[in-house]
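Student: Residue numbers (our numbering): 21 to 251.
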Amino acid sequence: MFTYEEIIASLSEYKDEKFRVFNERIVNIKSGSSIGVRTPQLRKYAKKLVGQSDFSFETLFSFPNDLYEIRLLKCLCVGYARLPFEEWLSEVEKCLPVLDGWAVCDLFCSTLKRVKKYRKEFLPLIEKCIADGREFYQRFGYVMLLGCYMEKEYLPFIFEKLEIADVSKYYVHMGAAWLIAEVLVKYYEDGVNYLKICPLGKETVNKAIQKARESYRLNETQKNYLKLLKK
Numbered sequence: 021m022f023t024y025e026e027i028i029a030s031l032s033e034y035k036d037e038k039f040r041v042f043n044e045r046i047v048n049i050k051s052g053s054s055i056g057v058r059t060p061q062l063r064k065y066a067k068k069l070v071g072q073s074d075f076s077f078e079t080l081f082s083f084p085n086d087l088y089e090i091r092l093l094k095c096l097c098v099g100y101a102r103l104p105f106e107e108w109l110s111e112v113e114k115c116l117p118v119l120d121g122w123a124v125c126d127l128f129c130s131t132l133k134r135v136k137k138y139r140k141e142f143l144p145l146i147e148k149c150i151a152d153g154r155e156f157y158q159r160f161g162y163v164m165l166l167g168c169y170m171e172k173e174y175l176p177f178i179f180e181k182l183e184i185a186d187v188s189k190y191y192v193h194m195g196a197a198w199l200i201a202e203v204l205v206k207y208y209e210d211g212v213n214y215l216k217i218c219p220l221g222k223e224t225v226n227k228a229i230q231k232a233r234e235s236y237r238l239n240e241t242q243k244n245y246l247k248l249l250k251k
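#1: For E180 and V187, I'd like the C-alpha separation in whole angstroms.
#2: Grab the span of the alpha helix (DSSP H) containing T23 for me, first residue to last.
#3: Who are the Cβ neighbours of E37 in its own chain at under 8 Å, not counting the five residues just before and after it?
#4: Short check: CB of I146 to CB of L165, under 8 Å?
#5: Can you give me the C-alpha to C-alpha distance between F128 and R139, rounded to a whole angstrom?
#6: From A66 to L93, what does the alpha carbon distance come to, in whole angstroms?
#7: In or out: R237 buried (at least 16 other Cβ within 10 Å) or exposed?
#8: Ignore the nearest five residues each way along the sequence and tell me which others in Y24's own chain have a CB closer than 6 Å to its CB.
#9: Have a look at S235, N239, K227 and flag the residue whose alpha-carbon is nearest the alpha-carbon of L249.
#10: Using the C-alpha atoms, what's the distance from F77 back to G221?
#11: Within the continuous alpha helix (DSSP H) that includes N48, where are the two ends?
#12: Report the residue from I184, G161, P104 whose alpha carbon sits nearest the alpha carbon of C125.
#13: Of the choices V41, G99, K114, E113, whose alpha-carbon is the least far from that of Y88?
#14: So what does DSSP say about P84, is it helix, strand or coil?
#15: For A101, which three-state DSSP category applies?
#16: Residues in the same chain with beta-carbon distance under 7 Å from R102, minus the five sequence neighbours each way, listed in chain order, please.
#17: Could you check the C-alpha separation between Y157 and G195 for me, to the nearest Å?
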């Protein structure tokens, strides 16, 4: 059975001090609260770890969350785990309290590609997270909608859930704006019609328009019209 000390020792073999200093600024965590392992290497390590015969989620989740890499490792191992869906979903939910920053949250979301095969079954967890109201629970919900539910049939659900976004929280504000921008890029008319009645604040609406206008997937006419919708 692997121990916390063994995991730290193994990860320390991949330490990059310059990257550690740089990354701590980017992901907005306290100086010295990470080892300095690059994400691709941590992903490889997670895949290897979760495939070991003595791997245990119970053991992994018993480790303290003081280091960035440990928090992210827990999420990545869950993402890569080959479990029956219901068991996997339970482990996904256990990761939610670990999400304490945009980087861990978004990297976790990007690893949950399996959700695309189980959209309807996963939807209740998204609803639960958005209704919860905590900053990174809500962000998790919106980023998952962006990554796995950007389909025409889910637009009414997306618009409904955006209405309860607590955009007073910065990372919810940014997640909601990112989601709206993606709708505008992929379903322009639907996105425009939503913007006209969007109850979210000025800052979020304008950020969504800004992000959409930065996309190469919209033409100049569309971008110019979006500019007129700024609050």
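We treat Cβ as the ideally placed atom computed from N, Cα and C, and that holds for glycine.
Tutor: By the coordinates alone:
#1: 15 Å
#2: That residue, T23, is in no alpha helix (DSSP H); it is neither H nor E in DSSP.
#3: The beta carbon of E37 sits closer than 8 Å to the beta carbons of G56 from its chain, once the five residues preceding and following it are set aside; these are given in chain order.
#4: Yes, Cβ-Cβ distance for I146 and L165 is below 8 Å.
#5: 16 Å
#6: Those two C-alpha atoms are separated by around 6 Å.
#7: exposed
#8: Here the set comprises F83.
#9: K227
#10: 41 Å
#11: From DSSP, N48 is part of no alpha helix (DSSP H); its letter is neither H nor E.
#12: The residue among I184, G161, P104 with its C-alpha nearest the C-alpha of C125 is G161.
#13: V41
#14: Here P84 sits in coil by DSSP.
#15: coil
#16: none
#17: 11 Å
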